[in-house]
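Note sheet for the following structure.
Residue numbers (UniProt numbering): 1 to 184.
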């Protein structure tokens, strides 16, 4: 899923700033980028040390093209305002990814507008340890972006909503239930 989810290209520098010991870390710091022949930027620290510009300094210095982090980190950095990201040259960025939890629309917009300067695709990924890779996400330049939504199932995934009481499939818009994967 690494190549399609992030639109990886030859020469890319991919930064997944998750802990390397977590499923996100070894899937998207080690295996994904390296199997696709792109440079993987490893980051082991906090985005707040020595100051709130740490991530953005890394992007500028290493010409990172794809940046993948958690909404919690984005919300933490938002509280410092726009000054830190605006101090750095982030023009190398092409794709901004989120992982680990749903991203709220306000954080999504800040990430898109301030960090991505309204030029980057924001890829909101949904998956879990048991799936081993993304199961629902938008693809950069292919599928639409929607603040606060991971959008559409990945190729080959048949996602459905089930009634939490009966287990029967529910169809339609604005329905609530349990997300399930029918295929593969």
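The beta-carbon is built from N, C-alpha and C at its ideal position, and this holds for glycine as well.
With the rule of 3 Cβ pairs closer than 8 Å, the segment 137-156 does not count as touching the segment 16-36. From the listed residues 58, 76, 164, the smallest Cα separation to residue 87 is found for 58. Annotation: residue 61 to residue 130 spans about 35 Å, alpha carbon to alpha carbon. In the three-state DSSP reduction, residue 126 falls in the strand class (E or B).
Residue 68 is positioned such that its CB atom lies closer than 9 Å to that of residue 28. If the five residues before and after residue 175 are omitted, its C-beta is found closer than 8 Å to the C-beta atoms of 161, all from its own chain and listed in chain order. Cβ atoms of residue 124 and residue 137 come within 8 Å of each other, at about 6 Å. In the three-state reduction of the DSSP assignment, residue 112 falls in the helix class. A direct Cα-to-Cα measurement between residue 44 and residue 36 gives close to 22 Å. Contact between residue 65 and residue 93 holds, with the beta-carbon distance rounding to 6 Å and staying under 8 Å. Our two residues, residue 41 and residue 168, have alpha carbons roughly 44 Å apart in a direct line. Of the candidates 53, 101, 100, the residue whose Cα lies closest to the Cα of residue 78 is 53. Given a length threshold of 3 residues, each whole run of the beta strand (DSSP E) inside the segment 21-85 is given here in chain order: 39-41, 66-69.
Under the DSSP definition of a beta bridge, residue 161 partners with 170, 179.
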